[in-house]
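Written out below as structure tokens is the structure these notes cover.
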Amino acid sequence: MTAVDTARPATGGRRTRRPRGLTAHIILVVAVLVSVFPFAWTIVMATNTTQDIYKSPPKFTFGSHLLENIRHVLNTIDFFGSMLNTVIVATVTTALVLFIDSLAAFTFAKFDFPGRKILFGTLLLFMMLPLQLAILPQFILMSKIGWVGMLKALALPSLANAFGIFWLHQYIQNGVPDELLDAARIDGAGFFRQYWNIALPMIRPALSFLAIYAFVNCWNDYIWPLVVLTDPGHVTLQVELAQLNVGHTTDYSMVMAGVLMAALPLVIVFSIFARGFIAGATEGAVQGS
Amino acid sequence: MSKHRGGPGPARFRPRRTAPAGTARPKRRGPLAYWRQYLAISPFYLIFAAFSFFPVFYSLYLAFQRWDGMGTMQFVGLQQFRFLWDDPVFWLSIRNTLVIWVLSTVPTLFGALTLATLLHSVRRFKGFYRIALYVPNVTSIVAVAIFFGAVFSNNFGLVNAILGVVGISPVPWLSNPWLIKVVISLLMTWQWTGYNMIIYLAGLQAIPTSIYEAAKMDGAGPIRTFFQITIPIMRPIILFTVIISTINGLQSFSEPQVLFASNAANANLGGPGQAGLTTLLYFYQSAFLNNDYGYGAAIVWAFFVLIIILVAVNWRLTTRGRKA
């Protein structure tokens with residue numbers, strides 16, 4: 391970066407560079423508008439009545455019917471009930487995924503044991519498989535043990551997160567020095583102490599990335615909850631949300647209020663952690679430290 | 008150093024010995040000595056075995072049975088696959104999936120590469136752009152599908168309303184077989200461009216600036232630099248995104264399922280003319296709405312073969328000329 395900065399005035403490239411930078415900004419701003427537009431338009435729809443939106447030309451400004459639409463949503467679906475279900479499943483899944491994956495990743499990254507290569511290879515291979523192959527037997531399995539319709543049936547399959555292990559493995563290999571583990575070993579720390587007291591604190595950035603990744607995935611999952619939660623009173627937010635959309639005469643303002651309410655928590659959480667999350671994604675994608 | 012996470016098997020895993028050279032404690036032989044390690048990986052492998060490994064093979068077994076999930080299973084050999092071969096709806100769903108995949112993947116990857124290059128070249132507001140462009144990927148497909156359904160609605164949608172203002176008569180976005188696919192593809196493009204952009208950006212940042220300076224010194228313009236330096240160096244990363252997009256793009260299910268939810272109860276799944284019936288949606292319909300488990304399993308396995316073929320083809324196309 392600094393190399394470019396110092397080189398530029400010397401070569402006199404500034405005059406030719408400036409307009410290109412401006413064009414880049416214009417294109418990027420347009421792209422940002424396109425990617426943010428649905429959120430803005432959702433708010434516009436949610437704050438108006440459906441009649442206002444269906445008018446030609448449609449109303450482009452925020453209206454004052456938001457509360458009314460929200461009340462309508464709450465009367466139509468069990469919004470908070472399904473949200474609570476989603477929060478419970480997503481939280482428990484995320485916590486367990488972090489623990490299970492970091493433990494396995496640490497073991498794979500820092501220890502050699504018989505079968506290590508084969509086990510890790512299987513994991514990589516399965517990372518590539520479409521999960522849909524397993525949905526039907528998973529459902530059969532759940533109905534055999536009588537868990538269909540239960541929240542635990544929702545969480546279990548996603549606990550084996552192969553991507554998480556692979557990703558943490560890469561991070562631990564570079565991020566946790568062997569020398570440190572050796573030193574701890576000399577001081578008498580056993581395997582689990584090395585994991586808990588040395589590795590875990592050192593990979594906190596990687597863990598927070600994985601936490602957001604797992605949480606968002608769980609929150610937004612649709613096909614599996616749709617399949618396994620057969621009881622209408624016990625569904626997740628996404629399934630409940632899709633229910634709003636059913637029917638031929640859709641009250642779009644009301645539906646959009648629901649979409650907005652469902653998206654808001656996640657967008658807020660994401661905005662808070664976005665910087666770290668994207669930095670983490672970048673770091674994981676390219677091995678460079 | 009720009010090795011990528013999903014790339015082909017890297018040869019850089021060097022297992023560290025448990026005991027370093029300094030500590031003179033010879034390891035006992037035999038797997039039992041490593042019980043801590045096995046214990047540490049066992050939670051993952053137990054769940055993995057029960058809910059991923061076993062199910063994948065069980066679904067292969069199911070594909071050779073006739074079963075409604077309740078009665079007794081009946082072995083029918085290749086009959087399900089023979090039926091699949093002659094099933095026009097299955098082939099329709101494959102065609103739909105492929106068209107949607109091409110219509111969404113091509114603009115997504117080109118757009119992502121362009122945006123990443125632009126973003127890499129600017130110096131201000133980088134963080135803001137990255138986050139704002141990534142946000143679509145964090146929203147749920149259900150919410151986005153509902154939104155697109157509203158905006159592209161045939162009668163009152165925003166798009167047709169705007170076209171009306173300009174004087175163009177309404178376009179039947181959600182009933183014309185081609186436009187249905189266009190809408191689904193637009194939805195996927197909107198959601199996945201930012202994701203791929205982040206990956207490309209990571210790759211671009213790993214390229215040392217000295218290479219660009221050398222190119223500049225040799226008198227290469229920005230376009231030439233892009234095609235002769237950026238693209239070749241980024242090749243493994245582009246390969247990764249092509250493969251991930253193939254796997255993701257072929258799995259379109261929620262988009263048409265939510266978009267045409269009002270028809271979920273009818274046989275007319277996937278919208279008018281079943282133009283939005285993707286293979287996964289057809290699988291869902293066969294297995295869970297019609298309780299034809301054997302046929303459902305046959306569909307996913309045929310679909311899996313399709314993914315493998317397309318990944319292999321893409322692999323060849325993307326790596327072609329590399330070793331020339």
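Chains H and S supply the protein sequences, listed in that same order.
Residue numbers for the first sequence follow our numbering, so the first one is 391 and each next one is one higher.
Residue numbers for the second sequence follow our numbering, so the first one is 8 and each next one is one higher.
Glycine included, each C-beta is placed from N, C-alpha and C at the ideal position.
Nearest candidate by alpha-carbon position, reference residue i, set the options
i: THR440/H; options: SER598/H, HIS462/H, HIS624/H, PHE516/H; result: HIS462/H
i: LEU571/H; options: GLY554/H, LEU590/H, VAL487/H; result: LEU590/H
i: THR620/H; options: MET540/H, ARG575/H, ILE467/H; result: MET540/H
i: ALA152/S; options: TYR302/S, PRO263/S, VAL312/S, LEU324/S; result: PRO263/S
i: ILE314/S; options: ALA268/S, LYS188/S, SER252/S; result: SER252/S
i: PHE503/H; options: GLY226/S, PRO38/S, PHE247/S; result: PRO38/S
i: LEU423/H; options: TYR136/S, VAL113/S, ALA123/S; result: TYR136/S
i: MET77/S; options: ASN635/H, THR432/H, ILE530/H; result: ILE530/H
i: ILE490/H; options: ALA309/S, ARG323/S, SER192/S, GLN44/S; result: GLN44/S
i: LEU257/S; options: ILE48/S, TRP185/S, ILE244/S, VAL318/S; result: VAL318/S
i: LEU600/H; options: TYR642/H, MET646/H, ASN564/H, ALA664/H; result: ALA664/H
i: LEU266/S; options: PHE247/S, PHE154/S, VAL178/S; result: PHE154/S
i: ILE107/S; options: ARG323/S, VAL189/S, GLY228/S; result: VAL189/S
i: GLY505/H; options: ALA309/S, SER66/S, ASP93/S, TRP42/S; result: TRP42/S
i: VAL145/S; options: GLY118/S, ASN183/S, LEU110/S, MET195/S; result: MET195/S
i: SER643/H; options: SER128/S, GLY156/S, TRP92/S; result: GLY156/S
i: ALA604/H; options: PHE553/H, PRO595/H, GLY580/H, ALA647/H; result: PHE553/H
i: THR451/H; options: LEU457/H, GLU458/H, ALA436/H; result: ALA436/H
i: GLY411/H; options: ARG130/S, GLY134/S, VAL172/S; result: ARG130/S
i: LEU276/S; options: PHE247/S, GLN87/S, SER182/S, LEU91/S; result: SER182/S
i: ALA57/S; options: GLY670/H, ALA573/H, ILE588/H, ILE535/H; result: ILE535/H
i: ILE48/S; options: PHE660/H, LEU523/H, ALA495/H, LYS449/H; result: ALA495/H
Exposed unless 16 or more other CB atoms sit within 10 angstroms - verdict on residue i
i: ASN297/S; result: exposed
i: LEU287/S; result: buried
i: SER217/S; result: exposed
i: GLY278/S; result: buried
i: GLY174/S; result: exposed
i: ALA305/S; result: buried
i: ASN465/H; result: exposed
i: TYR302/S; result: buried
i: ARG575/H; result: buried
i: GLY402/H; result: Below a pLDDT of 50, predicted positions are generally treated as unreliable, and GLY402/H, at 42, falls in that range; the measurement from the model is reported next regardless. By the 10 Å Cβ count, GLY402/H comes out exposed.
i: ASN610/H; result: buried
i: ALA40/S; result: exposed
i: ASN203/S; result: buried
i: VAL420/H; result: exposed
i: ALA632/H; result: buried
i: ALA499/H; result: buried
Same chain only: Cβ atoms within 7 Å of residue i, ignoring 5 sequence neighbours per side
i: LEU493/H; result: TYR585
i: ILE316/S; result: none
i: LEU165/S; result: VAL158
i: ALA123/S; result: MET204, TYR207, LEU208, LEU211
Cβ-based neighbour list, residue i, same chain, cut-off 6 Å, excluding 5 preceding and 5 following
i: THR232/S; result: ALA222
i: ILE668/H; result: none
i: ASP299/S; result: SER293
i: ASN270/S; result: Because ASN270/S sits at a pLDDT of 45, beneath the cut-off of 50, its placement in the model cannot be relied upon, and the following sentence gives the value as read from the coordinates. Counting only Cβ-Cβ distances below 6 Å, and skipping sequence neighbours, we find nothing.
Same chain, Cβ closer than 8 Å to residue i, five either side skipped, listed in chain order
i: THR30/S; result: Because the pLDDT at THR30/S is just 46, under 50, the model does not fix this residue reliably, and the point stays unresolved.
i: VAL96/S; result: GLN281, LEU284, TYR289
i: TYR219/S; result: THR232, ILE236
i: PRO615/H; result: LEU544, VAL625, THR626, GLN628, VAL629
i: LEU597/H; result: LEU488, SER492, LEU558, LEU590
i: PHE429/H; result: ALA653, VAL657
Contact belief for residue i with residue j at Cβ below 8 Å, rounded distance in angstroms
i: ILE555/H; j: ILE593/H; result: Rounded, the Cβ-Cβ distance is 12 Å, inconsistent with contact.
i: THR483/H; j: ALA545/H; result: 5 Å
i: ILE205/S; j: THR672/H; result: 7 Å
i: SER259/S; j: THR104/S; result: 7 Å
i: TYR141/S; j: GLY210/S; result: About 16 Å separates the two Cβ atoms, so there is no contact after all.
i: PRO143/S; j: TRP197/S; result: 6 Å
i: ALA208/S; j: LEU85/S; result: Looking at the sequence shown, residue 208/S is not Ala but Leu. At roughly 48 Å, the Cβ-Cβ gap does not stay under 8 Å, so LEU208/S and LEU85/S are not in contact.
i: ALA579/H; j: ILE460/H; result: Actually they do not touch by this definition, with Cβ atoms about 54 Å apart.
Residue i Cβ short of 7 Å to the ligand NAD heavy atom set
i: PHE58/S; result: Of the ligands one can find in the structure shown there are none, so the ligand NAD has no counterpart to examine.
Members of the stretch 149-160 of chain S near chain H, C-beta cut-off 9 Å: Going along the stretch 149-160 of chain S in chain order, one finds VAL149, ALA150, VAL151, ALA152, ILE153, PHE154, PHE155, GLY156, ALA157, VAL158, SER160 with a Cβ nearer than 9 Å to chain H.
Name, going along the chain, the residues of the stretch 72-93 of chain S whose beta-carbon falls closer than 8 Å to a beta-carbon of chain H. Close to chain H, meaning a Cβ-Cβ distance shorter than 8 Å, are the following residues of the stretch 72-93 of chain S: GLY76.
Could you name the residues of the stretch 98-114 of chain S whose beta carbon sits closer than 7 Å to any beta carbon of chain H, in the order they occur along the chain? If the cut-off is 7 Å between Cβ atoms, the stretch 98-114 of chain S has nothing near chain H.
If you measure beta-carbon to beta-carbon, which residues of the stretch 413-427 of chain H are closer than 7 Å to chain S? Within the stretch 413-427 of chain H, the residues whose Cβ lies closer than 7 Å to some Cβ of chain S are ALA414, HIS415, ILE417, LEU418, ALA421, VAL422, SER425, VAL426, listed in chain order.
What are the residues of the stretch 516-546 of chain H that lie near chain S, defined by any Cβ-Cβ distance shorter than 9 Å? Contact annotation: in the stretch 516-546 of chain H, residues whose CB is within less than 9 Å of a CB in chain S are PHE516, MET517, MET518, LEU519, PRO520, LEU521, GLN522, LEU523, ALA524, ILE525, LEU526, PRO527, GLN528, PHE529, ILE530, LEU531, SER533, LEU546.
Which of the residues in the stretch 173-197 of chain S, read from start to end, lie with their CB under 9 Å from any CB of chain H? Within the stretch 173-197 of chain S, the qualifying residues are TRP197.
Please list the residues of the stretch 443-463 of chain H that have a C-beta atom closer than 9 Å to any C-beta atom in chain S, keeping them in chain order. Within the stretch 443-463 of chain H, the residues whose Cβ lies closer than 9 Å to some Cβ of chain S are ILE443, TYR444, LYS445, SER446, PRO447, PRO448, listed in chain order.
With 9 Å as the C-beta to C-beta threshold (strictly closer), list the residues of the stretch 293-323 of chain S near chain H in chain order. Cβ contacts with chain H: ALA294, PHE295, TYR300, GLY303, ALA304, VAL307, TRP308, PHE310, PHE311, ILE314, VAL318.
Got a sec: which bits of the stretch 209-227 of chain S sit with their beta carbon under 9 Å from any beta carbon on chain H, in order along the chain? For the stretch 209-227 of chain S, which is checked against every Cβ of chain H, the residues closer than 9 Å are ALA209, GLY210, GLN212, ALA213, THR216, SER217, TYR219, GLU220, LYS223.
Counting only Cβ-Cβ distances shorter than 8 Å, please list the residues of the stretch 39-57 of chain S near chain H, keeping chain order. Taking 8 Å as the upper bound on Cβ-Cβ separation, chain H lies near residues TYR41, ARG43, GLN44, TYR45, ALA47, ILE48, PRO50, PHE51, TYR52, ILE54, PHE55, ALA57 of the stretch 39-57 of chain S.
Quick one: which residues of the stretch 619-632 of chain H get their C-beta closer than 7 Å to a C-beta of chain S? List them in chain order. Hits within the stretch, in order: GLN628, LEU631, ALA632.
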